[in-house]
Amino acid sequence: MKLLFDLFPVILFFVVFKVAGVFAATAAAIAATFVQVAWVKYHHGKVDTMLWVSLGIITVFGGATLLLHDETFIKWKPTILYWFFTATLLFSSIFLKKNLMRALLHEKMSLPDPIWHRLNLAWSAFFALLGLINLYVAFNFSTDVWVNFKLFGATGIMLVFILVQAAMLAKYVEEDHKES
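Going by this note's numbering, the sequence shown opens with residue 911, and the numbers climb by one from there.
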């Protein structure tokens, strides 16, 4: 359910795009993200920083798309979000000496420090690459192809990456259970 909730603006963007075009889809995605933030605030009291960042980016880039009637801005939005994730992971690791992947996942698994470091770097590289792939698709194919990629391609790539990560980390989780 959380995955569907997280993908709600993207799914709505896709559906509205197919029916009414990129500008209506952009407005729907902005509205959906505001609804997401309001729902989380009402039900949990606190909105995660990344959801605030997502709201800011969709509002700025979606707003520019609508205001200037230019779909280029909305096509940049996923890349900016992915690169923000990359920068956040790397900045926290290098300058703050904090591994955000460990902070996010330490309750679910116990890993040696070098593995946490590699995991953080892997996610940083993944988001950087996904941002580049988004730009390639956005500016070398039709908007219709890009919208399909945004929902199915990017989500599929992320799912495959998560499964590969899970397979690589499984031995550490198994070792942790054997020690318990």
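Built from N, CA and C at the ideal position, the CB exists for glycine as well.
Taking 8 Å as the cut-off, the beta carbon of ALA935 is found no closer than this to the beta carbon of THR996. A direct Cα-to-Cα measurement between ASN1058 and LYS956 gives close to 32 Å.
DSSP places SER1020 outside any alpha helix (DSSP H), giving it a letter other than H or E.
The shortest CA-to-CA distance from ILE940 to any of LEU1079, SER1052, LEU1045, ILE984 is the one to ILE984. By the CB criterion at 8 Å, VAL950 and PHE994 fall outside the cutoff. If you draw a straight line from the Cα of HIS979 to the Cα of PRO919, it comes to about 20 Å.
When the beta-carbon positions are compared, THR943 and ILE968 come within less than 8 Å of each other. HIS1027 and MET1011 have their C-alpha atoms spaced approximately 8 Å apart. Taking 8 Å as the cut-off, the beta carbon of THR975 is found closer than this to the beta carbon of PHE933. As for any alpha helix (DSSP H) of minimum length 4 sitting wholly inside the region 960-1024, the runs are 982-1004, 1010-1015, ordered along the chain. In the structure shown, ASP958 adopts coil according to DSSP, grouped into three states. A straight-line Cα-Cα distance of about 8 Å links PHE1049 and TRP1056. A straight line joining the alpha-carbon of ASN1030 with that of SER1052 spans about 33 Å. In the structure shown, GLY1063 adopts helical secondary structure according to DSSP, grouped into three states.
Excluding residues up to 5 positions away in sequence, GLY1041, ASN1044, LEU1045 lie with their Cβ nearer than 7 Å to the Cβ of THR989 in the same chain. Under the 10 Å beta carbon count, TYR992 is surrounded by 16 or more other beta carbons and is classified as buried. For the pair PHE1036 and PHE1071, the CB atoms are nearer than the 8 Å cut-off.
Only residues of its own chain outside the window of five on either side were considered, and among them LEU999, MET1011 have a CB closer than 7 Å to the CB of TRP1033, listed in chain order. In this structure, ILE1025 keeps its C-beta atom at 8 Å or more from the C-beta atom of TYR952.
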